[in-house]
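Residue numbers (the working numbering): 119 to 326.
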C-alpha cells in the first residue's frame, strides 16, 4: 500500500537505524527508566494488568481493552523518553477508541489466519507488527498504515526483533521464580525494553 511522505520517511529512518533491537542498549534504557520512575512504573503495570484481567471477562470489556492499550503504550513511551509517566496516562488512549478497536481486530484476525494456513507467516506477522500499537498511540496514523510502517521497519531487523522478544520474555517470566513477586519488576522491564527498541527506531538520534 502507498504511504504518505511522513510515513515513508519514518520507514526509511527505521530501516536504516543503527541496531534498534540491540539487547544491551534496550536493557540499559529500560534500567534507566526504572531507576527514574520505579514506583510509578511498577504500580502502573500492576494497575493495567488488573484492569485488563477484569475487563477480559466481558464482551464490553474486550471492546475497551484496545483503547487502554493505547494509554499503556503512551505510558511506556513517556517512561523511556524521560517524560515523567503518570498513572493517568494509562487511561489516555480513548481518543483512539475506534482506530484502536479496528487495529486490534484486524491484526488479531490476520495473525490467526497466518497461523492457520502456515505457522511461519503467523510468526512473521506477529513480530513484524509489534510496533503498530506504538505507532498508533504515538503518531496517530491510520491503523492499517501503522501496521504497514511497523512491518516495513521491523522486516529490515526481523531476526534481531525476534531475539529481543525471546530474551525479554525470558526476563519477564524469570520473575515467576521469585514466588510471583518478581514479575512486578520483570514484566515492566520487558515492556520497557521493547519500547526502547521502538524509540531507537523512530525517534531522532538526539532523543534515542
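Beta carbons: idealized from backbone N, C-alpha and C, even for Gly.
For residue 279, the CB contacts under 6 Å within the same chain, skipping 5 residues up- and downstream, are 139, 245, 272 in chain order.
Residue 206 and residue 266 have their C-alpha atoms spaced approximately 30 Å apart. Counting only the Cα atoms, residue 181 lies some 34 Å from residue 131.
Straight across, the Cα-Cα distance linking residue 148 with residue 310 is about 5 Å.
The criterion of a C-beta distance shorter than 8 Å is not satisfied by residue 249 and residue 286.
A direct Cα-Cα distance of roughly 23 Å separates residue 251 from residue 302. In the structure shown, residue 119 falls within a coil segment according to DSSP collapsed to helix, strand and coil. Each residue's CA atom was taken as its position, placing residue 239 and residue 229 some 8 Å apart.
From the listed residues 126, 161, 213, the smallest Cα separation to residue 203 is found for 161. Nearest in C-alpha terms to residue 321, of all of 226, 134, 262, is 134.
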